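To start, the structure under review is shown below, and the notes come after it.
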Amino acid sequence: MIKFDRVSKTYPGGQQALQQVDFHIEPGEMAFLTGHSGAGKSTILKLISLMARPSVGNVLINGHNLNDIKLSQVPYIRRDIGMIFQSHQLLMDKTVFDNVALPLVIEGYSRKQIQKRVSAALDMVGLLHKIQQLPQALSGGEQQRVGIARAVVNRPPLLLADEPTGNLDPKLSMEIMRLFEDFNQAGVCVFVATHDLGLIARMKYRTLTIKQGRMIDDGLNDQNDPLSTLSDLQDPNLPPMTKLPPKYTL
Amino acid sequence: MSLLFNGRAGDNTTRRVGFFQRVFMGGINHLRQALASLGELWRSPLATFMTIGVLGLSITLPSTLYLMVKNTEKVTAGWEQAGEISLYLQSGTTEQQANQLLLAVSLMTSKIDSARLIAPDIALEEFEALSGLGDSLAYLDKNPLPFVLLITPKPQYLQPEPAKRLLQELEQQSVVDFGKLDIEWLEKLYAIVSIAKDIVWIVAILLCVSVVLIIGNTIRLNILSQREEIAVMKLVGATDNFIRFPFLYTGFWYGFLGGLLAWMLVAFLLWWIQSGVENLAGLYQAEFTISGLDMQALGVILLISISLGLIGSLISVQKHIKEIEPS
Chain A
0 MIKFDRVSKT YPGGQQALQQ VDFHIEPGEM AFLTGHSGAG KSTILKLISL
50 MARPSVGNVL INGHNLNDIK LSQVPYIRRD IGMIFQSHQL LMDKTVFDNV
100 ALPLVIEGYS RKQIQKRVSA ALDMVGLLHK IQQLPQALSG GEQQRVGIAR
150 AVVNRPPLLL ADEPTGNLDP KLSMEIMRLF EDFNQAGVCV FVATHDLGLI
200 ARMKYRTLTI KQGRMIDDGL NDQNDPLSTL SDLQDPNLPP MTKLPPKYTL
Chain B
0 MSLLFNGRAG DNTTRRVGFF QRVFMGGINH LRQALASLGE LWRSPLATFM
50 TIGVLGLSIT LPSTLYLMVK NTEKVTAGWE QAGEISLYLQ SGTTEQQANQ
100 LLLAVSLMTS KIDSARLIAP DIALEEFEAL SGLGDSLAYL DKNPLPFVLL
150 ITPKPQYLQP EPAKRLLQEL EQQSVVDFGK LDIEWLEKLY AIVSIAKDIV
200 WIVAILLCVS VVLIIGNTIR LNILSQREEI AVMKLVGATD NFIRFPFLYT
250 GFWYGFLGGL LAWMLVAFLL WWIQSGVENL AGLYQAEFTI SGLDMQALGV
300 ILLISISLGL IGSLISVQKH IKEIEPS
């Protein structure tokens, strides 16, 4: 589904964000991407969503090389990718309904279809009762779920999330991850960038690790416990795992 | 439409609806966007009113000047007698000679509309009545006035140059002493009107350019103030066109409302001037109403102002929407 073929990215000014990154995520797979802040997680997501272009190498989605995509085709690519951000990127002066409906309005769905799909998406994230509220009236976790509803409302085959749980407490983080699992079980390929190692450890999914722009572990080596390889990446701000309520420990 | 996933296109149910319904839905969408843009303007009434005020005033000035020039032209078109030629016959010409000349001149039907002979005694009576010198004229022992032939040329000989040539031709006739044509006065008037026309054009062009710049700048500020919103829309797959249209509609509304305001202002100004014009016309024993501000003028003003609004917003939108990218 997502294939990086010796991708390097150098930002203007000479900062090297990625060096010779290679990995392949299968269709229908759910995978995590982890690493320190500044290691290159966001750059990888930006290359997939065409917010940036690789300096060297190829990024392929479903076998299509993104280097062949013209600037005018970029919007159509983004319609196939549901994107979720730490800062959730909601329009604060529009209602929850309008926010979630935006991708459908852009694609020219009929009013009836929009109504139906927005309700379904909000129902999935458990926010149907807040449909007419403004995002300001919602809590951080609820805002994030509105962002997720918007990302999945046009049923994209690929879901990208950049630090989706960055501002949330462990309980809410887990809820968000469960949502991602649900989408994955429905056949969506989910790719989550996060530095929340505790969360990853509790979910047995493939984990790709990036360090200073290089892929140091593409997660295919099963016998490795992700925590042991990543112990040097442990964020000191994270609460120790033993303090978590037992029901969220797998 | 999906570029990456072949099977996905069928997911979008709009593909199942017919062509006409899709066109219809597109029209509905545009109408919705247009109304949304109008609503957006309504939500910040002061800023909107100031922008529309600037546009309205900018369009009012050239429109008013244009109507004034148009009306001046209409007035001068009514002054055909300004091109009337007076032929003064030599003193001592007999009435018979004068009548022969009248006949000869009247036969030049290709150039002359009508000719009229004024006998000296009739001219004297007229002079007595109009000049107020009646008493002193009684002291003259004989009538000093010659026969005069008043000739109205055909309309195509009313322009300064042809009129001059006609006058020279008529002066060749026998018994004609000299002819007179108020050509200098006509030339001056035409020159003034043509300068006025040029000035109207210059003012109009300058103000139209400024209208385009004002709208362009206003739209630019609108775009920049919605930077984040545009970035989010691009993130979820909006094309540049989709983002562009609301701003073009905003430009359209600015132009439309500015044009409407201009039309009302022009109507007000003309109403204001009208009483002065009537007064002036009254002094010339004439009746005159300023005209030209009809539905056609409204159409032209709106067309121009809407075009200016669209051009201004188009320039701004082309440049600035490309620059905003999600990061």
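Note that the protein sequences, when read in sequence, are chains A and B. For reference, each letter of the first sequence is one residue, going 0 to 249 in numbering that gives the first Met the number 0. For reference, each letter of the second sequence is one residue, going 0 to 326 in numbering that gives the first Met the number 0. Don't be surprised by glycine CBs; every beta carbon is placed ideally from N, CA and C. In this text, all values refer to a predicted model and were calculated from it rather than measured experimentally.
For Leu207 (chain A), the closest Cβ of chain B is not nearer than 8 Å. For a Cβ distance threshold of 8 Å, nothing in chain B lies close to Tyr10 (chain A): the least Cβ distance comes to about 11 Å. For Arg77 (chain A), the nearest beta carbon of chain B is closer than 8 Å to its own beta carbon. Straight across, the Cα-Cα distance linking Leu185 (chain B) with Phe267 (chain B) is about 32 Å. Considering only B:Thr71, B:Ala103 and B:Phe19, the residue with the shortest C-alpha distance to Ala190 (chain B) is B:Thr71. The contact set of Gly27 (chain A) on chain B, defined by CB atoms closer than 8 Å, is empty, because the minimum CB distance reaches about 13 Å.
Taking a C-beta cut-off of 9 Å against chain A, the contacting residues of the region 222-240 of chain B are Glu227, Glu228, Ala230, Val231, Met232, Lys233, Leu234, Val235, Gly236, Ala237, Thr238 and Asp239, listed in chain order.
The bridge partners DSSP lists for Ala114 (chain B) are B:Ile150. Judged by their CB atoms, Ala114 (chain B) and Leu149 (chain B) are nearer to each other than the 8 Å cut-off.
A contact is defined here as three or more CB-CB pairs under 8 Å, and the region 177-194 of chain A fails this definition with respect to the region 99-109 of chain A. The shortest C-alpha to C-alpha distance from Ser224 (chain B) to any of B:Leu297, B:Ser105 and B:His319 is the one to B:His319. Note: Gly178 (chain B) is bridge-paired with B:Leu86 in the DSSP secondary-structure output. Distance from the CA of Tyr75 (chain A) to the CA of Phe3 (chain A), rounded to the nearest whole angstrom, comes to 20 Å. For Asp122 (chain A), there is no enclosing beta strand (DSSP E); the residue is found in the alpha helix (DSSP H) stretching over Arg110 to Met123. Identification of residues in the region 308-326 of chain B having a C-beta nearer than 8 Å to some C-beta of chain A yields Glu324, Pro325 and Ser326, given in sequence order. With respect to the 8 Å criterion, Met50 (chain A) and Leu157 (chain A) are not classified as neighbours on the basis of their beta carbons. For Asn183 (chain A), not one C-beta of chain B is nearer than 8 Å to its own C-beta. By alpha-carbon distance to Thr249 (chain B), the top candidate from B:Trp270, B:Trp262 and B:Ser304 is B:Ser304. Arg5 (chain A): not part of any alpha helix (DSSP H); member of the beta strand (DSSP E) spanning Ile1 to Thr9, first to last residue. Here the alpha carbon of Gly38 (chain B) sits roughly 10 Å from the alpha carbon of Gln32 (chain B).
A direct Cα-to-Cα measurement between Leu45 (chain B) and Pro134 (chain A) gives close to 28 Å. His194 (chain A) carries a coil assignment under DSSP once its states are collapsed to helix, strand and coil. One Cα belongs to Val174 (chain B), the other to Pro145 (chain B), and the distance between them is close to 11 Å. In the structure shown, Thr33 (chain A) adopts extended strand secondary structure according to DSSP, grouped into three states.
For Leu2 (chain B), a Cβ of chain A is located within less than 8 Å of the residue's own Cβ.
A Cβ-Cβ contact shorter than 8 Å links Leu32 (chain A) with Ala192 (chain A). Nearest neighbour of Arg52 (chain A) by Cα position, chosen from A:Lys8, A:Val104 and A:Gly125, turns out to be A:Lys8. Annotation: Val145 (chain A) is outside any beta strand (DSSP E); the continuous alpha helix (DSSP H) that includes it extends over Gly139 to Val151.
The beta carbons of Gly215 (chain B) and Leu54 (chain B) sit about 12 Å from each other, so the pair does not count as a contact at 8 Å.
Chain-ordered, the chain B residues with CB closer than 8 Å to the CB of Arg149 (chain A) read Val235. Its chain contains Val192, Ala195, Lys196 and Val199 as the residues whose beta carbon lies nearer than 8 Å to that of Val68 (chain B), once the 5 sequence neighbours on both sides are disregarded; these appear in chain order. Within chain A, the residues Gly107 and Ser109 have their CB atoms less than 8 Å from the CB of Met24 (chain B), given in chain order.
For Met50 (chain A), the nearest CB of chain B lies under 8 Å from its own CB, placing it at the interface with that chain. In the three-state reduction of the DSSP assignment, Asn166 (chain A) falls in the coil class, being assigned neither a helical nor a strand state. Around the beta carbon of Pro163 (chain A), 16 or more other beta carbons lie within 10 angstroms, which makes this residue buried.
Minimum Cα-Cα distance from Ala120 (chain A) among the listed residues A:Val152, A:Ala38 and A:Leu65 corresponds to A:Val152.
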